[in-house]
Amino acid sequence: MRSSSSIYDFAAWTQLIPESEIRRLLRYNVRYYFAGGKPGKIPIEAMAKILIEIGQEQLGMLEEGRYEEALEQYNYGPTEGIPALREVLAKRMKEKDGIEVDPGDLVITSGSQQALYAILDTLIDKGDVIMVSSPAYLGFVMPAVKLGARIVIVPSDREGIIPEYIDEAFEAAVKELGKKPEILYLIPDSNNPTGSTLPEKRRKQVFDICAEKEILIIEDAAYREMQFTESRLPPLKAYDRDNQYVAYIRSSSKEAAPLRIGYILVPTPVREQVIKAKGYYDLCSSTLVQYILARYYSKYIDKYLPEILAEYKKRCDALKKAMDESFPTGWRTDPTGGFFIWWESERKDFDSKRFLEEVALKNDIIYVPSRAFYPPTGYQYDPSSRKLSPSCPKSNGMRLCFVYKPPEVLTEGALKLGRLLSQHLS
Ligand SMILES: Cc1ncc(COP(=O)(O)O)c(C=O)c1O
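Here the sequence shown is numbered in this note's numbering, starting from 26 and rising by one per residue.
Shown next, in the form of structure tokens:
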């Protein structure tokens with residue numbers, strides 16, 4: 026009898042792209058959980074109140090014979106999202122980010138993941154070139170590889186991408202790959218996986234370089250609301266006054282529970298194609314969920330979010346302290362928001378994936394090994410030779426999530442992990 030998988034003629038990409046390492050690690054249930062970026066605080070009280078409020082209003086509509094009005098809240102809606110939500114989000118973008126936005130220009134997506142995919146799907150043909158910083162969010166990189174893009178890694182330091190190397194990597198790609206890179210993907214606020222935030226000066230430099238070279242910046246601002254500091258740095262989108270060079274991608278998942286709503290402000294021609302693509306992916310995002318979220322952003326977020334952020338900061342500080350006390354020689358980032366911290370051993374031969382499987386998991390500890398954040402294929406720009414070379418994943422680091430577990434568990438787990446690492450690496 027034939028094995029069941031040979032019955033199906035799968036697309037070539039299914040052989041090329043492995044299951045996401047992060048999704049695989051999400052399945053583990055261990056005490057010291059530093060792996061997937063799962064929110065540890067969700068405004069459940071606010072969500073429950075909103076459900077009651079909306080339910081009561083709908084019952085009122087039924088009693089008053091306004092069935093059609095209630096029906097619309099449950100029905101299919103516009104592919105680009107319901108106006109009520111887009112208005113609330115545009116207002117908040119103006120207040121918090123200083124971006125003047127016509128609500129009609131926003132597009133609601135089913136998670137920002139869908140927006141990333143739709144943008145790639147509408148712009149990328151086989152062989153096109155995309156630049157990313159490294160280590161990178163593979164939720165972006167893998168769909169790009171799936172669609173046939175060639176990835177060029179631009180060197181970063183602890184603060185994020187190094188602007189002058191964008192220019193140099195661009196020139197090297199034109200020369201060696203015979204193609205101009207058309208997209209640069211970045212997470213300027215509390216990067217996933219490093220947790221670093223791109224300084225203001227670099228933001229402007231990155232924007233100016235990309236505008237000059239006509240590269241579309243995909244600014245993934247998934248952690249924009251997750252900042253521990255009073256003020257936020259301007260998004261790159263704020264420099265893009267003519268809405269030409271920055272696709273600004275926002276998510277509600279980190280602050281408002283995974284209701285699976287993303288929202289984007291992108292150049293108009295890209296917007297039109299993204300709406301067309303989304304129409305074929307899911308017709309529209311859930312209308313009822315959009316009503317729930319509109320109420321959360323208009324009425325509850327400023328009451329509930331500060332408390333959540335204060336707790337996340339406490340968790341982040343607890344993890345940093347325990348790492349500084351117990352981890353062997355290496356370096357870590359210093360997040361001012363987001364969900365993650367990044368650590369690298371000074372020993373380049375350290376294999377964090379092997380250590381996870383052979384030591385950490387047996388001690389009830391899980392994290393994501395650094396190798397999970399490097400593309401399986403692609404190139405990296407080497408500043409010393411000014412050339413591209415095959416991408417070379419680093420195996421000596423790890424991403425640790427600090428938001429899911431309470432501070433005492435993070436401290437206990439990090440001290441234990443630090444002891445085990447020190448024994449292993451001594
Ligand atoms: C940087 C980044 N972008 C996008 C996403 C996708 O988020 P969602 O689809 O929940 O909006 C994530 C989720 O972890 C992320 O970390």
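Where a beta carbon is used, it is the ideal one built from N, C-alpha and C, also for glycine. In this text the structure is predicted, and so the values were computed from the model without any measurement.
Can you grab the Cα-Cα spacing for the pair residue i / residue j, in whole Å?
i	j	result
I391	A439	11 Å
A194	R411	8 Å
L442	F398	21 Å
W356	I79	49 Å
S221	S159	12 Å
C341	I107	36 Å
L50	I155	27 Å
P180	Q405	8 Å
I333	S414	43 Å
I289	P128	11 Å
K200	K226	29 Å
T104	I242	24 Å
K339	K345	10 Å
E350	T39	43 Å
P283	E239	34 Å
L110	I133	8 Å
A347	T219	18 Å
C417	S409	16 Å
Q139	Y53	25 Å
G203	I77	58 Å
R91	A319	21 Å
P360	S31	47 Å
What did DSSP end up calling residue i once you bin it into helix, strand or coil?
i	result
E239	coil
D376	coil
P168	helix
V291	coil
L229	Correcting the residue identity first, residue 229 is Lys in this sequence and not Leu. Here K229 sits in helix by DSSP.
T219	coil
M251	coil
G106	coil
G304	helix
P43	coil
Y162	coil
D407	strand
L425	strand
I455	The question about residue 455 has no answer, for the chain in this structure spans 26 to 451.
Y270	coil
F365	strand
T402	coil
G355	strand
G185	strand
S370	strand
Y210	strand
Y329	helix
V299	helix
L284	coil
E89	coil
Once you ignore the five residues that flank residue i on each side, which residues in its own chain have a CB closer than 6 Å to its CB?
i	result
Q252	G362
P168	Y142, L145
A174	I149, D153, I155
E371	T354, G355
P285	For clarity, residue 285 is Arg in the given sequence; the question names Pro instead. Closer than 6 Å at Cβ, skipping near neighbours: S135, G136.
I67	A282
D407	S414
Counting only the same chain and skipping the five closest in sequence on each side, list residues whose C-beta sits under 8 Å from that of residue i.
i	result
E97	T312
F232	I242, L261, Y264, D265, Y270, V271
I124	M118, P260, K262, A263, Y273, L290
Given that a residue counts as buried once 16 or more other Cβ atoms are within 10 Å of its Cβ, and exposed if not, what is residue i?
i	result
S277	buried
K262	buried
S215	buried
A335	exposed
R379	exposed
P224	exposed
Y33	exposed
L87	exposed
A36	exposed
S256	exposed
E89	exposed
I191	buried
N100	exposed
P431	exposed
S395	buried
T358	buried
Got a sec? Which residues, its chain only, sit under 7 Å from residue i by beta carbon, not counting five neighbours each side?
i	result
E433	none
M26	Low confidence applies here, because M26 scores a pLDDT of 47, under 50, leaving its location unreliable; read the following figure in that light. Taken in chain order, the list of residues that qualify is empty.
E46	V393, A397
Would the beta-carbon of residue i be found less than 7 Å away from any heavy atom of ligand 2?
i	result
Q315	Within the structure as shown, ligand 2 is missing, the only ligands being ligand 1.
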